[in-house]
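Chemist: The numbering of the sequence shown is this note's numbering, which starts it at 111 and goes up by one.
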Amino acid sequence: MNDRDAAGSRAQRTPLTVLAIATVSGFIARVWVVWYGSGHDFAVDHLFDTLAWNLVSLHAFTLDGLNPAAHVGPLYPALLAVFYAFVGHRPEWVPVLHIVFDLAAAFCIYRVGTLLWGSWTGACAAGLFILYPAYWTYDPRIRSEALLTLLVSGWLWAAVMCVRLPSVRQYLVAGVLAGLTILCKPVVLILACLLLGLVLIGSFPPSRKLVYAGVYLAASFVVLTPWSVRNYVMFHEVIPVSAGMGAGLWMGSDPVSRGSWPMPAERESAIWESAGITPLPYAHAMYEVSTDRLLREKGWNRIKADPLGYVGLTATRGWDFWIGNQFYLVNTEDGFVRGFQRDAAERGWLVAAYSLFKRLLFMPCLIMAASWSAWRHRERWRELSPLYLFPIGLTLGYVPFTVEAGRYALPVLPCLMVLSVALVVRLVKTQSFLVSGQSCPSETSVSWHMN
Numbered sequence: 111m112n113d114r115d116a117a118g119s120r121a122q123r124t125p126l127t128v129l130a131i132a133t134v135s136g137f138i139a140r141v142w143v144v145w146y147g148s149g150h151d152f153a154v155d156h157l158f159d160t161l162a163w164n165l166v167s168l169h170a171f172t173l174d175g176l177n178p179a180a181h182v183g184p185l186y187p188a189l190l191a192v193f194y195a196f197v198g199h200r201p202e203w204v205p206v207l208h209i210v211f212d213l214a215a216a217f218c219i220y221r222v223g224t225l226l227w228g229s230w231t232g233a234c235a236a237g238l239f240i241l242y243p244a245y246w247t248y249d250p251r252i253r254s255e256a257l258l259t260l261l262v263s264g265w266l267w268a269a270v271m272c273v274r275l276p277s278v279r280q281y282l283v284a285g286v287l288a289g290l291t292i293l294c295k296p297v298v299l300i301l302a303c304l305l306l307g308l309v310l311i312g313s314f315p316p317s318r319k320l321v322y323a324g325v326y327l328a329a330s331f332v333v334l335t336p337w338s339v340r341n342y343v344m345f346h347e348v349i350p351v352s353a354g355m356g357a358g359l360w361m362g363s364d365p366v367s368r369g370s371w372p373m374p375a376e377r378e379s380a381i382w383e384s385a386g387i388t389p390l391p392y393a394h395a396m397y398e399v400s401t402d403r404l405l406r407e408k409g410w411n412r413i414k415a416d417p418l419g420y421v422g423l424t425a426t427r428g429w430d431f432w433i434g435n436q437f438y439l440v441n442t443e444d445g446f447v448r449g450f451q452r453d454a455a456e457r458g459w460l461v462a463a464y465s466l467f468k469r470l471l472f473m474p475c476l477i478m479a480a481s482w483s484a485w486r487h488r489e490r491w492r493e494l495s496p497l498y499l500f501p502i503g504l505t506l507g508y509v510p511f512t513v514e515a516g517r518y519a520l521p522v523l524p525c526l527m528v529l530s531v532a533l534v535v536r537l538v539k540t541q542s543f544l545v546s547g548q549s550c551p552s553e554t555s556v557s558w559h560m561n
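1) Is the separation between the beta-carbon of D159 and that of P205 shorter than 7 Å?
2) Please say whether L282 and A357 have beta carbons closer to each other than 7 Å?
3) DSSP on P250, reduced to helix/strand/coil?
4) Would you be able to state if there are at least three C-beta pairs under 8 Å between the region 531 to 540 and the region 223 to 236?
5) Pull up the distance between the alpha-carbon of D416 and that of D364, whole angstroms please.
6) Report all residues from its chain with a CB closer than 6 Å to the CB of W565; omit the five preceding and five following residues, and keep chain order.
7) Rounded to a whole number of angstroms, what is the C-alpha to C-alpha distance between A235 and P524?
8) Report the rounded CA-to-CA distance for V262 versus V522, giving the unit in angstroms.
9) Go through its chain and collect everything with a Cβ distance to F314's Cβ below 7 Å, but skip five positions before and after it.
10) Whole angstroms is fine: what's the gap from M560's alpha carbon to Q280's?
11) In angstroms with no decimal places, state the Cα-to-Cα distance between G312 and C272.
12) Helix, strand or coil, according to DSSP, for S167 in the structure here?
13) Within 10 Å of its beta-carbon, does R221 have 16 or more other beta-carbons around it, so buried, or fewer, so exposed?
14) How would you call G445, buried or exposed, if buried means at least 16 neighbouring beta carbons within 10 angstroms?
15) In angstroms, rounded to a whole number, what distance separates the CA positions of A139 and F431?
16) Within a Cβ cutoff of 8 Å, which residues of the same chain sit near L126, ignoring the five residues on either side of it in sequence?
17) Under 7 Å between the Cβ atoms of I300 and L520?
18) Are L620 and C294 touching if we call contact CB-CB under 7 Å?
19) Closest to T124 by C-alpha separation, out of R488, T231 and P178, would be which residue?
20) How would you label I131, buried or exposed, when you count the other beta carbons within 10 angstroms and need 16 or more for buried?
21) Output the distance between the C-alpha atoms of L390 and A380, rounded to the nearest integer angstrom.
22) Which value, in whole angstroms, describes the spacing of the CA atoms of F500 and I477?
23) Give me whichever residues DSSP pairs with T172 in a beta bridge.
24) So, are the CB atoms of A353 and V298 less than 7 Å apart?
25) According to the Cβ coordinates, are Y194 and V166 closer than 7 Å?
26) Would you kindly check if the distance between the Cβ of G409 and the Cβ of W359 is under 7 Å?
27) For V108, which residues in the same chain have their Cβ closer than 6 Å to its Cβ, ignoring the five residues on either side in sequence?
Structural data, given as C-alpha cells:
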C-alpha cells in the first residue's frame, strides 16, 4: 500500500472512530439514566403498556378486555407485545428496546450524512444525535418516540436514496416505511403526501414519475389497509389509523392553554370539564371513538366561531413545537425567575440550566445553522430536499391538528443536525484549504469519493 492509499484509509477510519466513541458514550449515558434516573409514571406509559400486554394475554387490541380500542397507532403496541411475549410482562426492561431503537436510528443518520456529504458529516451528525440528552430522558418511558425516531430516520434514508438513485425498488421501500411510520403516528400522513414531491421534482420522464408515485402509494396503502379495514369493521367509521383528532382540535383550540403541552393539571382538568366529558373513567377516555366524535364536533365549532384566533393559536403552537412553551421551560407559571428556582430545587441546578440552554440557545442556534446550511447548499436543493420536507411535513401534521409538546420535534431533529454539521464541516474544510493554499474540491466530488 502506497502513502496515498494509507492516508485515505486513515481518513476513512477517523470518522468511524469518532462515531464509535460517541456511540459508546451515548450508550453509557442511557444506561446511567435508566439505572439511576427517577422513575416516571405517566398515563400514556400505562396506555401503551396495557395495550401491549392485552395483545399478548387477550390477543386483542383493547384496554379493558371488552371494547376494541383505536386510541393510538398499533405499531408500537404490537412491537412491545412481541417484546413482552419473549421476556414476559416486564415494563422495566422496555428501556433496553428503546436503546436498540436509538442505536439503529444513529446508523440511519450516519448513512444519510455519508450519502450526502461524506463520512465526516455522517459520523458527526450521528454522534450528535446519540449524545443529545433529550433522547436519553425518553428512553426509560414506555412511549413511541424512540420507535418513531427510528422509523423517520430510516424513511429519511430511503427518501435520500430515491433522489440519489431513483428506482422502483427505492420507492417501494420508501412506501413501506411511510406506511409503517403512519401506523406508529398518524400525524405523519401529511408528511407522507408531501414526499410525493420527490417524484415531481425528479428529472426523469413523466411515465417513470407515474410509476414511482404509483409504487410509493400502493406500498403505503398495502401496509395501512388491514388496520383501516379493522377499524371500519369495529367502529363503522372511517378511521385510517387512530381516533384522537377530536381531542387535539378541542384542546388545541383552547385560547387559555394555547393548546400546548405541558400545562398545569388544574388547567387540563378544566378544559375537559368545559367539554362536558368528565368525570373521565380513565386517563385516556377522551380518545375513545365516541368521545372523539363529540370533541371533534366541539373543536370544529369553536374554530369556525373564531378562525383568526385559531390561526394565531396555530402560530404560537409552531413556536412551542420547536422551542417549547413557558411551562415546559420552568415547570411553573409563577414567573421566569421563581420558576427557574423552583425547577432547580425540584430537579437540580444542572438539569434546570440544561433545560433553559436547550430551549433558549441550542434549539434556536440549531435552526439558524440548518437554515444557513440550506442556503449555502442551495445549488443542491433537489438532492437535499428530503432534509427540508421532513421537518416541514411533521410540523404541518402536528401543529394544526394536535396538542403541542416539545418532544414531538425529536423525530425530525436529526434533519437539522445533519444540515448543521454539514455546514460546520464545510467551513472547517474551507478554512483548512485556505490555510494550506490549496483549492477546496467541490462537495459533490468529495461525497462520491468518500462513498
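For each residue, glycine too, the CB sits at the ideal point set by N, CA and C.
Please read these numbers as outputs of a predicted model, since none were measured by experiment.
Modeler: In terms of the structure at hand:
1) no
2) no
3) coil
4) yes
5) 11 Å
6) Missing from the structure shown is residue 565; the chain here goes from 111 to 561 and no further.
7) 7 Å
8) 7 Å
9) P276
10) With a pLDDT of 36 at M560, under the threshold of 50, the modelled position of that residue is not reliable, and the figure given next carries that caveat. Cα to Cα, M560 sits roughly 22 Å from Q280.
11) 9 Å
12) helix
13) buried
14) exposed
15) 26 Å
16) S229 and A233
17) no
18) Outside the displayed range of the chain (111 to 561) lies residue 620, so it cannot be described from this structure.
19) T231
20) exposed
21) 12 Å
22) 14 Å
23) P178
24) no
25) yes
26) It should be pointed out that residue 359 corresponds to Leu in this sequence rather than to Trp. Result yes, Cβ atoms of L359 and G409 sit closer than 7 Å.
27) Residue 108 cannot be examined here, being either before or after the span of the chain that is shown, 111 to 561.
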